[in-house]
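Residue numbering for the sequence shown follows our numbering, beginning at 5 and increasing consecutively.
Cβ coordinates follow ideal geometry from the N, Cα and C atoms, glycine included.
Below is one structure, written out as structure tokens; comments come after it.
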Amino acid sequence: MPRSRSDLLKLLVKFVLLGFVCYFMTAWFFLRKREIPAFLPAFHSTKSIKNLFLYDGISLFQNKSCSCQNMKDMKGMQVYQLQDNFSPDEIKFVQERRMMELSHFQSRYVSKYQNILLAVPDCPLSYPIHGVKVMPLHTVLIPGLKIFRPDDEIHEVTLRASLGALNTYEAFSPEVVQRRGEKELKISTMNVATLNYILKHITYTSSIYQNQALDVVTLKLGSHEVQFPVVIQQPSIAKLYDPGADKKISSVVTICTKTFLRYHKLRILIKSIRQYYPSITIIVADDSETPENVQEPNVEQYFMPFGKGWFAGRNLAVSQVTTKYFLWIDDDFLFNEKTKIEKMVDVLEKTNLDVVSNYLKISPLCDRILSKA
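In structure tokens:
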């Protein structure tokens with residue numbers, strides 16, 4: 005009996021050892037199959053891949069500089085490098101001035117939302133990733149702040165801003181919430197429910213008057229750290245134009261043009277417009293040497309000093325527009341049955357485009373006809 009028991013124990017040990025060996029061999033086999041090879045097979049050559057992102061030799065990627073070269077196959081063309089015509093000192097001073105102006109331009113006009121914020125995987129923090137906006141020197145509640153942790157440890161949460169101050173909308177103990185009203189706010193508690201209640205009432209106050217600025221707020225819990233943006237900007241004032249109860253095209257669009265000496269063309273243009281749009285307002289900027297009064301219903305004529313030019317005339321005419329849209333035409337245009345201002349307005353109303361245009365056809369009489377959209 006003892007012998008048989010020892011034999012059974014030996015057999016059991018052998019089975020256990022064999023099981024371990026089989027387990028490790030199987031695990032090693034599958035792990036080896038999942039390993040990524042050091043060099044992936046090249047499905048495409050490097051050159052063919054790069055050609056996918058080229059258009060006529062120009063890279064489709066943003067901010068990729070290009071260089072001009074003397075190409076033998078381009079007969080009659082030669083490339084000159086601008087910097088070769090200046091001394092190194094001149095180029096240096098010009099580059100310094102360019103960098104100074106670029107910095108000024110970017111501080112005023114370039115979007116502040118260019119930095120990429122990456123989401124952290126397996127993070128116990130809930131936070132807003134977009135949409136927190138505040139007016140300069142105003143306060144806003146930060147939505148969505150929350151942690152997901154058990155109550156078995158002390159939780160220390162830190163919030164840090166750079167362009168504003170952090171505070172709580174309700175009063176809490178100084179031992180729990182520290183440094184209120186400063187750029188860095190600290191919260192320490194063992195109760196997750198209490199912590200989430202405090203986070204629900206965190207406020208951000210813009211402390212520096214900056215319009216179109218972006219503050220990146222840091223939220224930290226132990227080894228976990230995330231960032232989210234707070235946009236500081238003045239809200240846009242809505243510009244509302246009354247289209248009228250009848251919603252006629254004359255209540256939505258004004259026609260603008262500039263003329264210079266060509267009154268015969270102008271009168272033909274007005275006549276063609278009145279054939280299809282009898283009540284629409286026409287604004288005429290006139291810098292002729294000997295001005296003539298155009299006595300027509302719904303025609304506003306503004307005189308300028310002689311030869312002021314097209315740009316001054318355009319600015320003057322557009323400055324008198326009171327409708328939502330205006331249509332700019334030259335004084336040698338003509339309207340016909342295919343001219344549909346309504347179609348252009350329809351495109352503008354349904355999209356966020358700023359400018360649309362119509363098809364122009366040159367007539368045998370050298371007048372340009374504003375044809376279908």
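Just reading off the beta strand (DSSP E) that Leu145 is part of, what are its end residues?
143-145
For Ser177, which of Phe330, Ile202, Glu188 has the nearest alpha-carbon?
Ile202
How about Ile277 and Glu304: are their beta carbons less than 7 angstroms apart?
no
Within the present structure, is the beta-carbon of Met348 separated from the nearest heavy atom of the ligand SAM by less than 6 angstroms?
With respect to the ligand SAM, the structure offers nothing, as it holds no ligand at all.
Quick test of the definition: if touching needs 3 or more C-beta pairs under 8 angstroms, does the region 152-170 touch the region 204-212?
yes
Measuring alpha carbon to alpha carbon, tell me which residue in Pro239, Phe337, Met139, Ile284 is nearest Asn302.
Ile284
So what does Glu290 bridge to, in DSSP terms?
One detail in the question is off: residue 290 reads as Asp in this sequence, not Glu. The partner list for Asp290 (beta bridge, DSSP) reads Thr263, Phe307.
Spell out whether any CB of chain D is found under 7 angstroms from the CB atom of Glu188.
In the displayed structure, chain D is absent; only one protein chain is listed.
I'd like to check one pair, Leu331 with Ile259: are the Cβ atoms closer than 7 angstroms?
yes
Just to confirm my understanding: we take Phe264, look at its own chain, exclude 5 residues before and 5 after, and list those with CB closer than 7 angstroms. What are they?
Asp291, Ser292
Quick check on the burial criterion: 16 or more other C-beta atoms within 10 angstroms. Buried or exposed for Gly226?
exposed
Just mark Pro233 as buried or exposed, buried being the case when its beta carbon has 16 or more other beta carbons within 10 Å.
buried
Identify every residue that forms a DSSP beta bridge with Trp332.
Cys260
Run the CB neighbour count on Leu44, radius 10 Å, all protein chains shown included, and call it buried at 16 or more, exposed below.
Interpretation of Leu44 is limited by its pLDDT of 48, a score under 50 that renders its predicted location unreliable; the figure taken from the coordinates is listed afterwards. Label assigned to Leu44: exposed.
Within 7 angstroms, strictly: CB atoms of His142 and Tyr173
no
Nearest CA to the CA of Leu199: which residue from Ser240, Val221, Val220, Asp155?
Asp155
On a Cα-Cα basis, can you pick out the residue from Lys312, Leu149, Pro132, Gln182 that is closest to Ala197?
Leu149
Roughly how far, in whole angstroms, is the beta-carbon of Val144 from the beta-carbon of Ile191, given that I think they are within contact range, below 8 angstroms?
The Cβ separation is near 19 angstroms, so there is no contact.
Residue from Tyr306, Lys328, Lys269 whose Cα sits closest to the Cα of Ala242
Lys328
Just to confirm the assignment: which complete alpha helix (DSSP H) runs, minimum length 4, are found wholly within the region 121-179?
none
Tell me which residues share the same chain as Val230 and place their Cβ nearer than 7 angstroms to its Cβ, disregarding the 5 neighbours each side in the sequence.
Val124, Cys127, Leu129, Tyr131, Leu223
Which runs of the alpha helix (DSSP H) fall wholly inside the region 318-364 and span at least 4 residues, in chain order?
345-354
Here's the rule: buried if 16 or more other CB atoms are within 10 angstroms of the residue's CB, otherwise exposed. What is Tyr397?
With the chain covering only 5 through 377, there is no way to say anything about residue 397.
Does the region 338-354 come close enough to the region 307-326 to have 3 or more Cβ pairs within less than 8 angstroms?
no
If you run the structure through DSSP and keep just helix, strand and coil, what is Glu105?
helix
Nearest to Tyr281 by alpha carbon, out of Arg266, Val257, Leu270?
Val257
Once the 5 residues before and after Arg318 are set aside, which same chain residues still bring their CB inside 8 angstroms of it?
Cys260, Lys262, Ala289, Trp332
Does the beta-carbon of Leu320 have 16 or more other beta-carbons within 10 angstroms, so that it is buried, or is it exposed?
buried
Could you tell me how far apart the beta carbons of Ile345 and Ile253 are, in whole angstroms, since I believe they sit closer than 8 angstroms?
6 angstroms
Straight-line CA distance for Asp93 to Arg102?
14 angstroms
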